[in-house]
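In the working numbering, the protein residues as written are 101 to 482. By construction, the Cβ of each residue, glycine as well, lies at the ideal position given by its N, Cα and C atoms. Following: one structure in structure tokens, then a few remarks.
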Ligand SMILES: Cc1ncc(COP(=O)(O)O)c(C=O)c1O
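Shown next as structure tokens:
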């Protein structure tokens, strides 16, 4: 070690840490990795070393992606800076100029915008189809159709289409199938079991579970994931080590959280269904989820107020349930799709889809169900 104060300030403590056996995973908060020799650098490029530069790969990113891949029972995984980063990587791993993709008409607004505002500029065309009405893909398949995309539980109507049936149809036409499993999580259903090639998550939601990260994970077939990894690296959509670490930490309690949140949601949905101030409650019907691994229907509940002119007062009257336009945290939260996630829809589109001014989307947390119900009861009081 050089003697001068300036040099010591920069280099002190920079010797590799002793191989301590920390119980929790360390955070590799580094943008780049050091090599002992030029030969080691060459070995990395020959595929023998794993880490060079965090945008290309980092142990914390890998820990998260491998954990989600294992839970989804998929071959491999890659993490991304957000759910949208993961979806983009999955789409661009397969699609190129001139290709066509069939997507469920009930998809997250961000995915819609990615397809119709961004990927359209690359010459990729997307077509929305109604999985609740159609009985076959026949009419929609073109010679350039390459992919099929759907969500397990949709937002905010919480519709569950017959995923095994649609995957089978898409596979019959040789399409690559991608499923956004954000709302259901692998705790409820593993789309890979039904033949999905790629499964995307906004890990910002249940995978992280604490509303303190923005992250995405894409898992699926090894060769598609390797291609998607290149997209993440080349488009600069890599997840930061700290966010990856936080998300992997949150993931450890996924089963506990989902169990409690789903049970709470079921109770709240029953309460809302019989409430006179509620016009309609949206909560997946057990009959629509026979392919779920558990007798649970998720932890999101949407509903419409009987008197939609009360919507501003309704949102004002909560004491501890927050109005927050995201979902899936341990705290119950509320959102108003018309002013947030579905703001871009025209009034006609909203009317046609049933996403009206009086609609409320409730993300049910882990609190005591009776307390959540009491808060809602007061706000709904007529
Ligand atoms: C179903 C679904 N997919 C993808 C996304 C995008 O995820 P992120 O916000 O982490 O980019 C969201 C965000 O709300 C979502 O609800």
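Contact check, residue i vs residue j, beta carbons under 8 Å
i           : j           : result
residue 187 : residue 195 : no
residue 189 : residue 178 : yes
residue 445 : residue 415 : no
residue 456 : residue 438 : yes
residue 197 : residue 224 : yes
residue 236 : residue 269 : yes
residue 378 : residue 192 : no
residue 271 : residue 279 : no
residue 314 : residue 182 : yes
residue 474 : residue 420 : no
residue 299 : residue 452 : no
residue 328 : residue 318 : yes
residue 341 : residue 217 : no
residue 384 : residue 258 : yes
residue 169 : residue 180 : no
residue 344 : residue 163 : yes
Helix, strand or coil at residue i according to DSSP, with G and I counted as helix
i           : result
residue 140 : helix
residue 461 : strand
residue 200 : strand
residue 185 : helix
residue 278 : strand
residue 470 : helix
residue 295 : coil
residue 319 : strand
residue 422 : strand
residue 110 : helix
residue 438 : coil
residue 412 : helix
residue 153 : strand
residue 132 : strand
residue 389 : coil
Enclosing alpha helix (DSSP H) for residue i [first to last residue]
i           : result
residue 453 : 447-453
residue 163 : 159-171
residue 227 : Unbroken run through residue 227 is the beta strand (DSSP E), 225-229; no alpha helix (DSSP H).
residue 286 : 285-288
residue 361 : 354-373
First and last residue of the uninterrupted beta strand (DSSP E) at residue i
i           : result
residue 301 : 298-302
residue 251 : 245-251
residue 435 : 433-435
residue 176 : 176-180
Any non-hydrogen atom of ligand 1 closer than 7 Å to residue i Cβ
i           : result
residue 251 : yes
residue 285 : no
residue 312 : no
residue 212 : no
residue 182 : yes
residue 255 : yes
residue 439 : no
residue 316 : yes
residue 229 : no
residue 453 : no
residue 259 : no
residue 335 : no
residue 241 : no
residue 304 : yes
residue 282 : yes
Residue(s) in a DSSP beta bridge with residue i
i           : result
residue 521 : What the structure shows of the chain is the stretch from 101 to 482, and residue 521 is not part of that stretch, so it cannot be assessed.
residue 125 : Per DSSP, none; premise fails for residue 125.
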